[in-house]
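Quick notes on the structure that follows.
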Amino acid sequence: MNTLRVGDKLPQFYVTDQNGNTISDADYTNQKLVVFFYPKANTPGCTAEACDLRDHYAELQKEGYALLGVSADSVKKQKNFSDKFDFPFPLLADEDKAVIEAFGVWGLKKFMGKEYDGIHRKTFIFDDKGLCSRVIDKVKTKEHAAQILETS
Numbered sequence: 021m022n023t024l025r026v027g028d029k030l031p032q033f034y035v036t037d038q039n040g041n042t043i044s045d046a047d048y049t050n051q052k053l054v055v056f057f058y059p060k061a062n063t064p065g066c067t068a069e070a071c072d073l074r075d076h077y078a079e080l081q082k083e084g085y086a087l088l089g090v091s092a093d094s095v096k097k098q099k100n101f102s103d104k105f106d107f108p109f110p111l112l113a114d115e116d117k118a119v120i121e122a123f124g125v126w127g128l129k130k131f132m133g134k135e136y137d138g139i140h141r142k143t144f145i146f147d148d149k150g151l152c153s154r155v156i157d158k159v160k161t162k163e164h165a166a167q168i169l170e171t172s
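Below is the structure:
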């Protein structure tokens with residue numbers, strides 16, 4: 021797994037969000053951007069993380085951040101997840117894992133003694149020049165907004 025690091029440039033991407041809109045890196049030129057990766061929509065940890073970001077969305081916006089959530093779920097699953105919890109930010113349906121692989125968050129995971137390939141829960145924060153200013157490897161799902169805002 022070759023994960024993006026601090027100082028790396030925002031990768032180019034074109035992917036569909038939960039509403040069928042095409043979202044690209046170019047949509048976030050000259051903006052601070054938070055890209056958070058989560059394993060699967062509508063699971064307890066992913067729901068806690070996304071709901072925490074939703075609940076603190078105004079604070080994140082006040083600091084100038086745009087948010088993008090990314091998983092390998094289908095557009096339909098992302099739409100259901102977004103509608104169910106009323107998320108104000110796009111959820112990207114990266115079914116072919118192009119964005120996931122560009123950020124380097126796909127790799128070997130261990131759970132209950134089993135090994136498998138999957139998405140690692142990570143968050144990348146980019147400055148307004150498109151450079152990665154911070155990577156959060158140990159995401160606290162119920163306090164994720166506070167982790168992001170720590171160094172704003």
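Using the working numbering, you'd call the opening residue of the sequence shown number 21 and step up by one each time.
Even for Gly, the Cβ is constructed at its ideal location relative to N, Cα and C.
Asked                                                                                                                            : Found
From Lys134, Lys82, Lys130, residue whose alpha carbon lies closest to that of Arg141                                            : Lys130
CA-to-CA distance, Lys149 to Asn50, given in whole angstroms                                                                     : 6 Å
DSSP bridge partner residues for Ala86 (one or two, in chain order)                                                              : Leu53
Length-filtered (3 minimum) beta strand (DSSP E) runs lying within the region 65-126                                             : 85-91, 111-113
Residues bridged to Phe146 [DSSP beta-bridge criterion]                                                                          : Leu53, Cys152
Contacts around Leu30, its chain only, beta-carbon distance under 6 Å, and the 5 residues preceding and following it disregarded : Asp45, Phe146, Gly150
Val95 and Thr143 closer than 7 Å at C-beta                                                                                       : no
One or two residues paired with Ile43 in a DSSP bridge                                                                           : Val35
Closest residue to Val26 among Cys152, Leu169, Lys162, Ala165 (Cα-Cα distance)                                                   : Cys152
Span of the beta strand (DSSP E) around Asp137                                                                                   : 134-139
Beta-carbon gap between Gly138 and Leu111 smaller than 7 Å                                                                       : no
Assigned secondary structure, Lys158 (DSSP; H/G/I helix, E/B strand, else coil)                                                  : coil
Environment of Ser24 [buried if 16+ CB atoms lie within 10 Å]                                                                    : Going by the sequence as given, residue 24 is Leu instead of Ser. Buried, because 16 or more other Cβ atoms sit within 10 Å of the Cβ of Leu24.
Burial state of Tyr85 (16 or more Cβ within 10 Å)                                                                                : buried
Nonlocal neighbours in the same chain, by C-beta distance under 8 Å from Asp106, ignoring five residues either side              : Arg74
Cβ shell of Thr42 (< 7 Å), same chain only, five flanking positions each side left out                                           : Tyr34, Thr36
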